[in-house]
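Undergrad: Residue numbers (my numbering), protein chains in the order written: chain A, -5 to 229; chain B, 129 to 457.
Below you will find the structure I want to go over with you.
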């Protein structure tokens, strides 16, 4: 699904991502951990096309996507849920959701209705507030809307940046249940998260980044590797 | 159940219906009193409302401040005048204007949509200024005098015909055309494309991550606005019998922006009410003092400070609330 080889990214003279290699398979959640400022978000932005890599390869379903514009990467099946959610002001919840699938090729009205209905089943809070302006939702609901808006476009790869940031524990549990559902539906997920314990409930594999490099990686179901992870990032 | 944008659009339609009803009353009064001046003035207000409508498509929906929309208005006016002087047919002038405006909008759109924000405003301003200077210095276009002697035409509507010399008839014809331009713009902006423009205005950086190219919707909005401005401009020589380079000048573009801000950006109907208000004010205040622009300038400042959403931006929510009420059982 997603294969990254020797990825390097710079912000002007700052070398942020310094040779990262990783793969994420379909139906797998890969957790990215590390302190603030080590390059986790930059890694997601580079995959999504927000930042152009200076070296290396990114392939999605055997197709090179490094260097492409974000819209082309999104149309190839990569959905990005940024940390700041970015709900569009002036649009209702449903209008925000609609924007998530308009660009999907071969769509029809019946399919659109079915996609919306499916999202509302998965996110009943959004169904209750479908006519409300998106920016008037609570933080947790906005995060759900941001995820739903990307999910409605049926991405093959989901890039999620700190979904639990600033949210109540109950909402966080809901969000991670949805991530688990996405994983079971065959979506490859790259998850950047500070709440490591919560993230490990859905992750299959993980990596720790320091100064733009992977310094530790392992499987979430391996107790020794989990312990090493928790020690490394001192949780 | 209707969403927020559709509800707002419906409220705008109600306000347009009120404006149309008031216009019909004005026309009836004009015919009854055998008035020419005020019907001509009202027709001019509607023509400039079309220009303001084009500014609102860009400013209110796409977040693009055009300071050079007079480029397309003037283009439409000159092209219409040139066609009418050769073939005195409304439909020939209108069709030629639509085609040329679409092409000009496409070319202009490719140039201006390469930049954002204040640079967009400056480039639109610059392009209109270049066009104004070219027209001003081209003898074939009448140079600084403009084109004089556009013939009176009979507009064949199939079941009837309207003379451009008939104050009431031409007023009603222009009213119908401007309402059609409004309706077409409103229809387009009420589709998912309109939502995309609003999202673009709100957060252009986020849009590509949902799989959209930002250039395409911006370009479509720009071409649409160019066509609305040019088609409105095409009516001007039919009303006045001449065109002059002033139609390309910054004052024309600037007035359209003031009209939209005063009327209410992002409402479409605000452009129509704003144009009527400003034209009437210019005429009424102008009959007392030649310094009427000072009064209009102060009014504009007052509107920005006290009615930041503009006249219709403040009135429309009331209509929306009325429309949102459940009907009594």
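We put the beta carbon where it would ideally sit given N, CA and C, even for glycine.
All figures in this text were calculated on a predicted structure; none of them were measured in a lab.
1. If contacts are defined as beta-carbon pairs under 8 Å, then residue 241 (chain B) and residue 343 (chain B) qualify, I think. What distance do you get, rounded to the angstrom?
2. Hey, how far is the Cα of residue 352 (chain B) from the Cα of residue 319 (chain B)?
3. For residue 24 (chain A), count neighbouring Cβ atoms within 10 angstroms of its own Cβ and tell me buried if that reaches 16, exposed if not.
4. Just the chain B side, please: which residues come within less than 8 Å of residue 92 (chain A) by C-beta, in chain order?
5. Considering just the uninterrupted stretch of the beta strand (DSSP E) at residue 383 (chain B), what are its terminal residues?
6. Any beta-carbon of chain A closer than 9 Å to the one on residue 171 (chain B)?
7. To which residues does DSSP link residue 152 (chain A) through a beta bridge?
8. Using a cut-off of 7 Å between C-beta atoms, extract the partners of residue 327 (chain B) located in chain A.
9. Taking the alpha-carbon positions, what's the residue 210 (chain A) to residue 223 (chain A) distance?
10. So, does the stretch 172 to 181 of chain B touch the stretch 369 to 384 of chain B, judging by three or more C-beta pairs under 8 Å?
11. Going by C-alpha to C-alpha distance, which of A:225, A:50, A:88, A:100 sits closest to residue 69 (chain A)?
12. Taking three-plus beta-carbon pairs below 8 Å as touching, is the stretch 168 to 177 of chain A in contact with the stretch 18 to 35 of chain A?
13. Quick one: grab the DSSP three-state call for residue 236 (chain A).
14. What would DSSP say about residue 191 (chain A), mapped onto helix, strand or coil?
15. If you follow the alpha helix (DSSP H) that residue 277 (chain B) is in, where does it begin and where does it stop?
16. Listing by chain order, which chain A residues have their CB less than 8 Å from the CB of residue 368 (chain B)?
17. Output the distance between the C-alpha atoms of residue 12 (chain A) and residue 36 (chain A), rounded to the nearest integer angstrom.
18. Give me the Cα-Cα distance between residue 398 (chain B) and residue 170 (chain B), rounded to the nearest whole angstrom.
19. Who are the neighbours of residue 339 (chain B) on chain A, taking C-beta pairs under 7 Å?
20. Can you confirm whether residue 199 (chain A), when its beta carbon is compared against all beta carbons of chain B, has any partner nearer than 9 Å?
21. I want to verify the contact list: residues of chain B whose CB lies under 8 Å from the CB of residue 117 (chain A), in sequence order.
22. Using a C-beta to C-beta distance shorter than 7 Å, which residues of chain B count as neighbours of residue 42 (chain A)?
23. Buried or exposed for residue 18 (chain A), going by 16 or more other Cβ atoms inside 10 Å?
24. Under 9 Å, CB to CB, which of the residues in the stretch 219 to 241 of chain B have a partner in chain A?
25. Tell me the DSSP secondary structure of residue 95 (chain A) in three-state form.
26. Rounded to a whole number of angstroms, what is the C-alpha to C-alpha distance between residue 250 (chain B) and residue 195 (chain B)?
27. Taking only three categories from DSSP, how would you classify residue 334 (chain B)?
28. Taking only beta-carbon positions, decide if residue 144 (chain A) is within less than 9 Å of chain B.
29. Is residue 76 (chain A) close to chain B, meaning its C-beta is less than 9 Å from at least one C-beta of that chain?
30. When DSSP labels each residue in this structure, what does residue 308 (chain B) get in the three-state scheme?
31. Distance, Cα to Cα, residue 217 (chain A) vs residue 85 (chain A)?
32. At least one CB of chain A closer than 9 Å to the CB of residue 449 (chain B): is that the case?
33. Would you give the residue range spanned by the alpha helix (DSSP H) that residue 439 (chain B) belongs to?
34. Going by DSSP, which residues form a beta bridge with residue 53 (chain A)?
35. Let me know if residue -2 (chain A) comes out buried or exposed under the rule of 16 or more other beta-carbons within 10 Å of its beta-carbon.
36. Which residues in chain A sit within 7 Å of residue 330 (chain B), going by Cβ to Cβ distance?
TA: By the coordinates alone:
1. Within the second chain, numbered from 1, the residue matching residue 241 (chain B) stands at position 113. Within the second chain, numbered from 1, the residue matching residue 343 (chain B) stands at position 215. Yes, they are in contact, since the Cβ atoms of residue 241 (chain B) and residue 343 (chain B) sit about 6 Å apart, within 8 Å.
2. Here residue 352 (chain B) refers to the residue found at position 224 of the second chain. Here residue 319 (chain B) refers to the residue found at position 191 of the second chain. Using only the alpha carbons, I get a separation of about 14 Å.
3. The residue labelled residue 24 (chain A) in the question sits at position 30 within the first chain. Label assigned to residue 24 (chain A): buried.
4. To locate residue 92 (chain A), count along the first chain from 1; it is residue 98. Those are 320, 323, listed as they occur along chain B.
5. Locating residue 383 (chain B) in the second chain gives position 255, where the first residue counts as 1. Element bounds for residue 383 (chain B): not the beta strand (DSSP E) but the alpha helix (DSSP H), 378 to 391.
6. Counting from one through the second chain, the residue named residue 171 (chain B) turns up at place 43. Taking Cβ atoms only, chain A never reaches closer than 9 Å to residue 171 (chain B), which makes this a no.
7. As a first step, residue 152 (chain A) must be located in the first chain, where it is residue number 158. Looking at the DSSP assignment, residue 152 (chain A) forms a beta bridge with A:73, A:183.
8. Walking along the second chain from the start, residue 327 (chain B) turns up at place 199. In chain order: 82, 85, 93.
9. For the purposes of this step, residue 210 (chain A) is identified with residue 216 of the first chain, where counting begins at 1. For the purposes of this step, residue 223 (chain A) is identified with residue 229 of the first chain, where counting begins at 1. So the two alpha carbons sit approximately 7 Å from each other.
10. yes
11. Against the first chain, residue 69 (chain A) aligns to sequence position 75. When each option's Cα is compared against that of residue 69 (chain A), the closest is A:100.
12. yes
13. Shown here, chain A extends from -5 to 229; a query on residue 236 (chain A) therefore has no answer.
14. On the first chain, position 197 is the one that residue 191 (chain A) refers to. Three-state result, residue 191 (chain A): helix.
15. Position 149 of the second chain, counted from the start, is the residue given in the question as residue 277 (chain B). Unbroken run through residue 277 (chain B): none, as it is neither H nor E.
16. Here residue 368 (chain B) is taken as the residue at index 240 of the second chain, counted from 1. Here the premise fails: no neighbours, minimum Cβ distance about 39 Å.
17. Taking the first residue of the first chain as position 1, residue 12 (chain A) is located at position 18. Taking the first residue of the first chain as position 1, residue 36 (chain A) is located at position 42. So the two alpha carbons sit approximately 11 Å from each other.
18. Within the second chain, residue 398 (chain B) is the residue found at index 270, counting from 1. Within the second chain, residue 170 (chain B) is the residue found at index 42, counting from 1. Cα to Cα, the separation comes out at about 16 Å.
19. Counting from one through the second chain, the residue named residue 339 (chain B) turns up at place 211. Ordered by position in chain A, the residues that pass the 7 Å Cβ test against residue 339 (chain B) are 65, 68, 69, 97, 147.
20. As a working mapping, residue 199 (chain A) is identified with position 205 in the first chain. False, the Cβ-Cβ gap to chain B never drops below 9 Å.
21. Translated into the one-based positions of the first chain, residue 117 (chain A) becomes position 123. Within chain B, no residue comes near residue 117 (chain A); the closest Cβ sits about 17 Å away, beyond 8 Å.
22. Residue numbering aside, residue 42 (chain A) sits at position 48 when the first chain is read from its first letter. Within 7 Å Cβ-Cβ: 337.
23. In the first chain, residue 18 (chain A) corresponds to position 24, counting from 1. Buried: at least 16 other Cβ atoms inside 10 Å.
24. none
25. Residue 95 (chain A) sits at position 101 when you count from the first residue of the first chain. Of the three classes helix, strand and coil, the one that applies to residue 95 (chain A) here is coil, per DSSP.
26. As a working note, residue 250 (chain B) is residue 122 in the second chain. As a working note, residue 195 (chain B) is residue 67 in the second chain. Rounded to the nearest angstrom, the two C-alpha atoms are 7 Å apart.
27. Indexing the second chain from 1 puts residue 334 (chain B) at position 206. Of the three classes helix, strand and coil, the one that applies to residue 334 (chain B) here is coil, per DSSP.
28. Working through the first chain from its first residue, we reach residue 144 (chain A) at position 150. At least one chain B Cβ lies under 9 Å of residue 144 (chain A).
29. Position 82 of the first chain, counting from 1, holds the residue named residue 76 (chain A). Yes, because at least one Cβ of chain B sits closer than 9 Å to the Cβ of residue 76 (chain A).
30. Reading the second chain from its first residue, position 180 is the one you call residue 308 (chain B). It is helical.
31. The residue labelled residue 217 (chain A) in the question sits at position 223 within the first chain. The residue labelled residue 85 (chain A) in the question sits at position 91 within the first chain. Using only the alpha carbons, I get a separation of about 46 Å.
32. Mapped onto the second chain, residue 449 (chain B) falls at position 321. So no, residue 449 (chain B) is outside the interface.
33. By one-based count along the second chain, residue 439 (chain B) stands at place 311. Counting along the chain, the alpha helix (DSSP H) containing residue 439 (chain B) begins and ends at 438 to 452.
34. Mapped onto the first chain, residue 53 (chain A) falls at position 59. Paired residues: A:-3, A:58.
35. Here the question's residue -2 (chain A) lines up with position 4 in the first chain. Flag for residue -2 (chain A) reads buried.
36. Sequence index remark: in the second chain, residue 330 (chain B) carries index 202 (1-based). The answer, in chain order, is 82, 83, 84.
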